[in-house]
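Remarks on the structure that follows.
Residue numbers (this note's numbering): 242 to 384.
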């Protein structure tokens, strides 16, 4: 992902919907980024800064949300599994709250990945259990 001139970034920022402008500067999003990184073993400030920059690029309309995991893997040099997990958490905590604005910005539909993609159907016949009749030794006789 190339670095963009600051004046170009400001111009993009000024044309964003209010919701996305607020999301870029939201303190809770900074906390989310910090928590997500620490949960996934990312402790270097430089790497955390690169992740935050790429999230900002998403919110500015420069990086499609579905490409975040690949960018983290290839450009930030994070392992594939770790990059996917970080992208998933960023999607859940930072991008989904501004989903409508992002969909309008990118003209795409953003789907939360909370449900499994496909549930395999198990087709097996189950035989009814046979009742075993025997004397109940735990019952007391009725008087």
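Beta carbons are placed, not taken as given, at the ideal position from N, Cα and C, and that holds for glycine.
Across the set 301, 278, 328, 300, the C-alpha of 278 shows the shortest separation from the C-alpha of residue 290.
Around residue 346, the same chain offers 302 as residues with beta carbons nearer than 6 Å, after the five sequence neighbours per side are excluded. The distance from the Cβ of residue 296 to that of residue 331 is about 6 Å, consistent with a contact at the 8 Å cut-off.
Within a 10 Å sphere around the beta-carbon of residue 270 sit 16 or more other beta-carbons, which makes this residue buried. Between the beta-carbon of residue 292 and that of residue 317 there is about 6 Å, and that keeps the pair under the 8 Å contact cut. Taking 8 Å as the upper bound for CB-CB distance, residue 309 and residue 328 are in contact here, some 4 Å apart. A direct Cα-Cα distance of roughly 11 Å separates residue 324 from residue 282.
Taking C-beta atoms as the reference points, residue 306 and residue 336 count as a pair closer than 9 Å.
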